[in-house]
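Chemist: The structure follows.
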Amino acid sequence: MPPPARPRILYVTDLAYPARGRRYGDEDVQLASRLREYADLALCHPRDAAALMDGFDAVVVRNSGPVLHYRAAYDDFRARALAQGVRVYNELTGRADMAGKQYLVELSAAGSPVIPTVDRPEDLDRLPAAEAYVVKPKLGADSIGMRTVPRDALPGLAGPDVLVQPHVDFRHEVSFVFVDQDFQYALYAPDPARRWVLEPYDPAPGDLEFARRFIEWNTVRHGIQRVDACRTHDGDLLLVELEDLNPYLSLDRLPEEVRDRFTAAFTASLRGYLATT
17 MPPPARPRIL
27 YVTDLAYPAR
37 GRRYGDEDVQ
47 LASRLREYAD
57 LALCHPRDAA
67 ALMDGFDAVV
77 VRNSGPVLHY
87 RAAYDDFRAR
97 ALAQGVRVYN
107 ELTGRADMAG
117 KQYLVELSAA
127 GSPVIPTVDR
137 PEDLDRLPAA
147 EAYVVKPKLG
157 ADSIGMRTVP
167 RDALPGLAGP
177 DVLVQPHVDF
187 RHEVSFVFVD
197 QDFQYALYAP
207 DPARRWVLEP
217 YDPAPGDLEF
227 ARRFIEWNTV
237 RHGIQRVDAC
247 RTHDGDLLLV
257 ELEDLNPYLS
267 LDRLPEEVRD
277 RFTAAFTASL
287 RGYLATT
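Numbering (our numbering), first residue to last: 17 to 293.
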């Protein structure tokens with residue numbers, strides 16, 4: 017009997033993207049090498065994904081960089097993948113960063129534990145008093161276009177394409193990584209001024225309950241998600257973002273056994289996704 021056919025995977029990454037404090041290329045070379053153990057793999061730049069995806073069993077979108085750098089190419093890829101029923105991992109069903117940051121406005125209005133967020137000049141009074149405020153594009157990423165301004169500058173900056181939030185003085189940032197619905201590991205930045213100098217973090221049950229509520233709120237059943245939060249000086253966690261498109265994983269900051277366990281979960285998730293009809 018011939019061996020079962022190996023799946024064909026198109027792995028989308030920008031190996032040369034100059035991420036601050038992160039090495040996209042190293043992480044994807046490592047993950048791709050493990051994925052190649054069970055699949056036939058081809059790597060491509062995100063601008064080429066739409067043109068190359070025919071003939072593959074799935075497209076895995078990993079460290080592809082901020083979409084705003086190739087918006088038209090990404091929109092074309094997404095539209096064609098949905099129209100053709102191409103399996104994309106992460107699934108294209110996410111309603112968090114995958115769809116922009118409007119969800120932060122909506123979750124804030126619903127009373128969820130997120131940094132208070134508005135997007136209309138008439139709603140600025142809903143924000144708590146702060147020494148400064150953060151204004152950032154709804155379709156932004158990697159802090160591109162983000163500004164910190166005094167309150168009296170806000171009326172001229174608020175609008176439908178940007179978010180406005182108070183500048184939160186927090187104790188530290190912490191990220192929770194999930195594969196499908198399963199928690200894998202957490203990392204935190206003890207020094208807020210060095211946000212990418214991360215260390216393993218042992219979350220308390222309440223921390224995981226906080227993170228899971230956003231994973232359950234989202235509509236991604238097959239994929240990797242990263243819940244980013246900040247811990248206030250009162251000890252509360254507030255959501256910063258839910259990255260459900262191409263979250264960087266900081267695998268180089270993990271002990272080897274945790275990294276291996278994550279990679280096994282990622283591979284099993286993808287294989288399970290490919291097995292769905």
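The beta-carbon is built from N, C-alpha and C at its ideal position, and this holds for glycine as well.
(1) Go through its chain and collect everything with a Cβ distance to Val104's Cβ below 6 angstroms, but skip five positions before and after it.
(2) Let me check understanding here. Comparing Cα to Cα, which of Gly175, Val184, Thr279 lies closest to Leu255?
(3) For His249, which option in Pro271, Pro208, Leu286, Leu270 has the closest C-alpha, if you only look at C-alpha atoms?
(4) In chain order, what residues of the same chain have a beta carbon less than 8 angstroms from the beta carbon of Arg22, not counting five sequence neighbours either side?
(5) Once the 5 residues before and after Arg94 are set aside, which same chain residues still bring their CB inside 7 angstroms of it?
(6) Cα-Cα, which of Arg38, Gly37, Ala35, Asp44 is closest to Leu26?
(7) What are the boundary residues of the alpha helix (DSSP H) that Phe282 is part of?
(8) Which residues in the same chain have their Cβ closer than 6 angstroms to the Cβ of Ala157, if we skip the five residues on either side of it in sequence?
(9) In angstroms with no decimal places, state the Cα-to-Cα distance between Val130 and Ala88.
(10) Measuring alpha carbon to alpha carbon, tell me which residue in Phe282, Pro182, Gly251 is nearest Gly239.
(11) Is Gln100 helix, strand or coil by DSSP?
(12) Among Asn234, Tyr86, Arg38, Thr164, which one has its Cα closest to the Cα of Arg63?
Modeler: Let's see:
(1) Counting only Cβ-Cβ distances below 6 angstroms, and skipping sequence neighbours, we find Val75, Ala97.
(2) Looking at the Cα atoms, Val184 is the closest of the given residues.
(3) Answer by Cα proximity: Pro208.
(4) Closer than 8 angstroms at Cβ, skipping near neighbours: Tyr54, Ala55, Asp56.
(5) Taken in chain order, the residues that qualify are Leu108.
(6) For the residues Arg38, Gly37, Ala35, Asp44, the minimum Cα distance to Leu26 belongs to Asp44.
(7) If you look at Phe282, you'll find it in the alpha helix (DSSP H) that goes 272–291.
(8) Counting only Cβ-Cβ distances below 6 angstroms, and skipping sequence neighbours, we find Pro82.
(9) Answer to the nearest angstrom: the Cα atoms are 30 angstroms apart.
(10) Nearest option by C-alpha distance: Phe282.
(11) Residue state, collapsed to three classes: helix.
(12) Measuring from the Cα of Arg63, the nearest candidate turns out to be Tyr86.
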